[in-house]
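Note sheet for the following structure.
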Amino acid sequence: MQFGSILRCSSRVCAVAAVGLSASVASAAGITTLATFNSTNGANPYAGLILSGSTLYGTTTLGGANVYGTVFSVPITGGSPTTLATFDSTNGAAPYAGLILSGSTLYGTTSATGTNGEGTVFSVPLAGGTPTTLATFNSTNGAYPYAGLILSGSTLYGTTSGGGANSAGTVFSLPITGGSPTTLATFNNINGANPQAGLILSGNTLYGTASHGGANNDGTVFSVPITGGTPTTLATFNSTNGANSYAGLILSGSTLYGTTLYGGANDAGTVFSVPVTGGSPTTLATFNNTNGTGPNAGLILSGSTLYGTTYGGGANSVGTLFSLPITGGTPTTLATFDGTNGAYPLAGLILSGGTLYGTTYYGGANGDGTVFSLAIPEPGGLTLLALGLPALLRRRRAR
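Residue 282 in the working numbering sits at position 283 of the sequence shown, and the numbers go up by one each step.
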């Protein structure tokens with residue numbers, strides 16, 4: 000497998016090349032750069048962060064000792080990233096998904112290699128060490144997990160973008176101690192294809208998005224019983240109401256919220272809602288390049304406000320941070336990236352104590368990506384984690 004330094008979103012948008020976005024690391028347009036990557040300590044973080052105590056944790060898709068990606072930590076106040084683990088192909092490569100923490104152990108997925116070259120589930124001690132491979136994929140039980148995990152009891156749940164009975168992806172479970180993945184559901188294009196985002200769990204039901212498939216091949220919102228079964232299609236996209244959701248969902252009350260990378264009035268992506276019981280997606284907002292383009296990541300909710308990122312658009316065409324009333328409307332641009340403070344944020348956000356934290360795939364002093372923060376007016380000290388981490392750079396089907 001070849002790993003390059005070019006982000007290819009799909010055939011619908013041109014490749015975005017890393018073009019020497021280097022300058023001094025500081026605060027610009029309200030965005031504070033907390034850390035920059037330099038290939039040695041990691042490169043190109045695709046996923047969002049988690050926060051434990053006063054430390055942020057995440058993954059980089061590339062870089063590290065073997066150039067196959069890293070697990071890192073950064074103080075919430077900023078500083079040089081600490082490499083907690085590196086991948087060596089045998090134990091996985093290219094972790095596009097973020098982490099979850101249980102006790103003193105971090106858990107995640109790699110999108111490639113491992114025994115069969117089709118990805119792994121791994122664990123790493125919070126203090127750092129060699130990744131432990133908990134499971135490998137073999138096409139039959141799934142292939143290429145680009146999404147993160149959720150944990151319920153002693154069981155991990157996730158998705159693979161390929162593999163399974165129809166080679167269109169799976170929903171799987173795995174004991175936290177490791178073993179063979181159990182296939183809970185497979186996709187068949189009609190009910191969706193290529194789920195590239197993580198899941199959420201409410202009661203005994205898992206909810207997620209499939210980036211393709213469905214009636215119009217623009218993707219679906221689905222549910223699956225936690226015990227397994229055929230995916231139920233809750234909603235389908237049709238370009239007008241959005242297309243190609245690469246992001247996970249959040250649930251508030253009886254409504255699911257998410258983003259689509261494309262579609263909407265300007266084909267620059269949407270924010271949508273869907274009743275948890277299913278129905279037509281409601282378009283809450285559309286993007287127009289000026290206020291951002293291509294929301295690749297999921298949302299977080301604080302009070303009655305949704306927060307998210309767009310990978311492109313804005314004043315400098317390299318991405319924005321936005322807010323939106325939960326009832327919908329015009330997105331408010333909270334900040335724009337300019338290369339110096341990062342470029343192309345592909346991950347969602349977390350919110351702690353009135354400050355948003357996230358990553359950019361490119362930009363910063365070395366062009367290898369950044370960890371950033373942005374203070375916003377936010378009452379209280381509620382911490383919210385983004386639910387549903389992004390997903391696939393490779394193997395995305397052209398629309």
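For each residue, glycine too, the CB sits at the ideal point set by N, CA and C.
On a predicted model such as this, the values are computed, not experimentally measured, just so you know.
| request: Classify V220 as helix, strand or coil using the three-state DSSP reduction. | output: strand
| For D238 versus G262, is the C-beta spacing smaller than 8 Å? | A small fix is needed here, since residue 238 is Ser in this sequence, not Asp. Yes; because the gap between Cβ atoms is below 8 Å, this pair is in contact.
| request: Tell me whether G178 is buried or exposed, calling it buried when 16 or more other Cβ atoms sit within 10 Å of its Cβ. | output: exposed
| field | Exposure label - T69; buried when at least 16 CB within 10 Å | value | buried
| request: Tell me, please, whether the stretch 106 to 122 touches the stretch 135 to 145 by the rule of three or more beta-carbon pairs shorter than 8 Å. | output: yes
| query | So does the stretch 125 to 132 actually touch the stretch 143 to 157, counting three or more Cβ pairs closer than 8 Å? | reply | no
| query | When you compare only the Cα positions, how much space is there between T329 and A284? | reply | 6 Å
| message | Starting from L255, trace the beta strand (DSSP E) in both directions and tell me its first and last residue. | response | 254 to 259
| field | Three CB pairs or more closer than 8 Å across the stretch 31 to 38 and the stretch 354 to 372 | value | yes
| Based on Cα-Cα distance, which residue from T31, Y45, G29 lies nearest to A246? | Y45
| field | Local conformation of I189 per DSSP, three classes | value | coil
| query | Who are I249's beta bridge partners in DSSP? | reply | Y256
| query | Cβ of A146 within 8 Å of Cβ of T182? | reply | no
| Straight-line gap, D337 to G97 (C-alpha atoms, nearest Å) | 24 Å
| For L298 and Y256, believed in contact at Cβ under 8 Å, the rounded distance | 6 Å
| task | Tell me D367's beta-bridge partners as DSSP assigns them. | result | G362
| Inter-residue spacing [alpha-carbon to alpha-carbon] between T281 and G162 | 31 Å
| Quick one, which of L323, T292, G291 has its alpha-carbon nearest S272's? | L323
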